[in-house]
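In this note's numbering, the protein residues as written are 38 to 833.
Don't be surprised by glycine CBs; every beta carbon is placed ideally from N, CA and C.
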């Protein structure tokens, strides 16, 4: 038995590859073949010092081959009886080689596929900025304050096909501080297959680099941004890989102060028609003009851990954990409001200071097991757990003045708001390649969400806190979703087909503890998707897509709380919100290789929007999430993708689209529609002989458009980023500037029924940014960086 055990022990082959001058050769290919030299068994590449090590080999006879461009191939048969060290293996230069050969494999920056657009950013100036900066430069993606959209619709963000679990604000904070040097490409997926969650109407999938090189890689970076106020960001990344494990650890710290100025005008109206059975006639009763300055101070820590353990060639165990901790977040809003009559004569005014301090942490962890079968099929099991804790302490102080600017009185109140959320889900996915032209994917998922929220308001009376019972509540929310899906893909001759179906059973219960009210929802939904592509000729391709998806309300929107920004501006929850169902149709034609013309139609059943609703009796603006009765968007796009010169890639798209929204209110039925234009001109350049100087220049035009019953005026987004490698390509200096034309701010208008207001917003998005990154260790390594997966976290 001892003899058998020793014989079964695994062996290894190691060595160092050098040239005729004994200088190490990095990235040489080392492969192990069967005894007859026909079957590939294992392989690796040499590290920066020329070393290699191949483990988990049985004691047999092998053929080892080592090759590198410009050198003669080394081949030798070996009899492996244990751990074998080949010491130095010297490769001989090919005498017929040219003195210098430069091979540049250049791929287009942007490629179009039937269901997605792929933005290749590897080795461009964009990868030396932030991940958020890459998204801002990706065609079709609009990054605005607090949201990431594809055209007019919110986008779901994935990394390496795994959903990012953070809230919208946290996601933007994380992407802004996360370096982009490991990004290979960004996929803008307009028709996700059934394997994606049903609420994934439009998907952004960030693809990180991968390779087989072993060793250690690390980097440290620091960024300085000068906007209205300075911002700081620094971090470090460490990655280790051998034949058994992948370990990646990233940490970053951000310290920001962000400014925002806003001017609002609200026309409070009065119905002057005495006959209640006739259509209302509205005239101005009062005009409120407000100047609002908002500053936010924040300190944020981001930590991301990825660990992969290769049990054997067919089984892999992975752990991913992402944590975001904000120990300090201060939010100060100074509001100055003047109140006029219909003739613009001043009546009175007030000032309000709103000071809030937040603390939060958000930790999501995934455990994943993947098994690959000999047939090529694979089975993946995933478990996810999230814990989220949030607290906000708020103080609001208001001073009131009369027409002569004489102080009249003041009011003050405090609020304490908390939210604790736990998310647990598990899923199983099975992928089966039926043959060379078809495949089948099936899977199932179960998720459970529990969130407990409370808010307490204390009015300050005579310097003493008194609980305001009318504005104090607690809310408990439970959600259980069971889903199953199947997706089939087939290609033949000049056709490609993909069809899928996802079914989800949802059980929801929300309880207002103080009001003793419970809202229950129980529904079963089907979500089909299909994609068909036909190559009519060598230069013409036609694609048609259809997908049905769902958008569930966020936990915050369901809370029946009244959160006071000040006495005349409140945020109201709506526990009676229903999910939104979206049907998306697409037809596109790609021709002459560089051009694509397409049309699309989207129907939103019960679209969830947060409407600012003015109450003309109480003079209060309430921001309330509401289900619209109907919303339709349709449009036509023209895209052009080309490389006009060797070191210049160009992308241009222009889209003309119409949005129509309908809703019923107490005052009556409202309907609005607006034609808009969205255009992008994106350029990517490489300079110098070694292409060590890169630049990206992007202009995005967002024409006048309709958003949530508000008309938003034109905007021009301008971005320039430049990077230069130094210190033998171990250091990178970056420079970026945004909004250099100062045309990125916007104005909005609300005008329907008895609603009449205007707003001008100056967002702190005009800045210059300087950065430096230094890489150490094996800089040719690419990490296993990713984030955790849980679609439920998008709604925190």
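| Query | Result |
| --- | --- |
| If I measure Cβ to Cβ from residue 284 and keep anything under 6 Å in the same chain, skipping five residues before and after, which residues do I get? | 277, 344 |
| Using CA atoms only, rank isn't needed, just tell me which of 656, 194, 49 is closest to residue 326. | 656 |
| Use the C-beta contact count for residue 84: other C-beta atoms within 10 angstroms, 16 or more gives buried, fewer gives exposed. | buried |
| Find the nearest neighbour of residue 798 within the set 783, 98, 296, 273, judged by alpha-carbon distance. | 783 |
| Within 10 angstroms of its Cβ, does residue 305 collect 16 or more other Cβ (buried), or is it exposed? | buried |
| Rounded to a whole number of angstroms, what is the C-alpha to C-alpha distance between residue 555 and residue 604? | 28 Å |
| Under the rule that 16 or more other beta-carbon atoms within 10 Å means buried, what is residue 425, buried or exposed? | buried |
| Here's the rule I'm using: 16 or more other beta-carbon atoms within 10 Å means buried, otherwise exposed. How should residue 843 be labelled? | For the chain, the structure presents residues 38 to 833; residue 843 sits outside this window and is missing. |
| Drop a sphere of 10 angstroms on the beta-carbon of residue 401, count the other beta-carbons inside from all chains shown, and report buried for 16 or more, exposed for fewer. | buried |
| In this structure, how does DSSP classify residue 508 when only helix, strand and coil are distinguished? | helix |
| Using the DSSP secondary-structure output, state which residues sit across from residue 245 in a beta bridge. | 220 |
| Take the Cβ of residue 577 as the centre, count every other Cβ of all protein chains shown within 10 Å, and call the residue buried at 16 or more, exposed below. | exposed |
| With DSSP as the reference, identify every bridge partner of residue 349, one or two as the case may be. | 352 |
| Leaving out the 5 sequence neighbours to the left and right, which residues in its chain are closer than 7 Å to residue 120 when beta-carbon positions are compared? | 48, 49 |
| Three Cβ pairs or more, each shorter than 8 Å: is that satisfied between the region 416-432 and the region 375-386? | no |
| Assuming contact is defined by CB atoms lying nearer than 7 Å, are residue 346 and residue 282 in contact in what I supplied? | yes |
| What's the call for residue 616, buried or exposed, on a 16-neighbour Cβ count within 10 Å? | buried |
| Closest by CA to residue 87, which one among 95, 59, 70? | 59 |
| Taking just the CA atoms, how far does residue 171 sit from residue 299? | 28 Å |
| The beta strand (DSSP E) with residue 595 in it runs from where to where? | Run containing residue 595: none in the beta strand (DSSP E); it sits in the alpha helix (DSSP H), 592-595. |
| For residue 525 versus residue 480, is the C-beta distance shorter than 7 Å? | no |
| Under the assumption that residue 280 contacts residue 92 (Cβ atoms under 8 Å), give the Cβ distance between them as a whole number of angstroms. | 5 Å |
| Measuring straight from C-alpha to C-alpha, what distance separates residue 516 and residue 611? | 16 Å |
| Throw me the rounded Cβ distance for the residue 693 and residue 672 pair, which I believe falls under 8 Å. | 6 Å |
| By the three-class DSSP mapping on this structure, what secondary structure does residue 196 have? | strand |
| For residue 100, I'd like the list of residues in its chain whose CB is within less than 6 Å of its CB, leaving aside the five on either flank, ordered along the chain. | 70, 74, 114 |
| Between residue 551 and residue 514, what straight-line distance do the alpha-carbon atoms span, to the nearest angstrom? | 14 Å |
| Only counting runs of 3 or more residues, tell me where the beta strand (DSSP E) segments fall wholly within the region 271-348, in order along the chain. | 282-308 |
| Would residue 116 and residue 67 qualify as a contact pair, given that the criterion is a beta-carbon distance under 7 Å? | no |
| Whose C-alpha, out of 544, 341, 746, 405, is nearest the C-alpha of residue 697? | 746 |
| Under 8 Å Cβ to Cβ from residue 641, same chain only, skipping five residues before and after it: list those, please. | 617, 618, 619, 665, 667, 668, 669, 670 |
| Just to confirm the assignment: which complete beta strand (DSSP E) runs, minimum length 3, are found wholly within the region 51-94? | 66-70, 77-82, 88-94 |
| In the DSSP assignment, what residue or residues form a beta bridge with residue 684? | None; residue 684 has no bridge partner. |
| Using the rule of at least 16 other Cβ atoms within 10 Å of the residue's Cβ for burial, across every protein chain shown, is residue 715 buried or exposed? | buried |
| Assign residue 173 to one of three DSSP states: helix, strand, or coil. | helix |
| With residue 309 and residue 316 assumed to form a contact (beta carbons below 8 Å), what rounded beta-carbon distance in angstroms separates them? | Not confirmed; about 12 Å, so no contact. |
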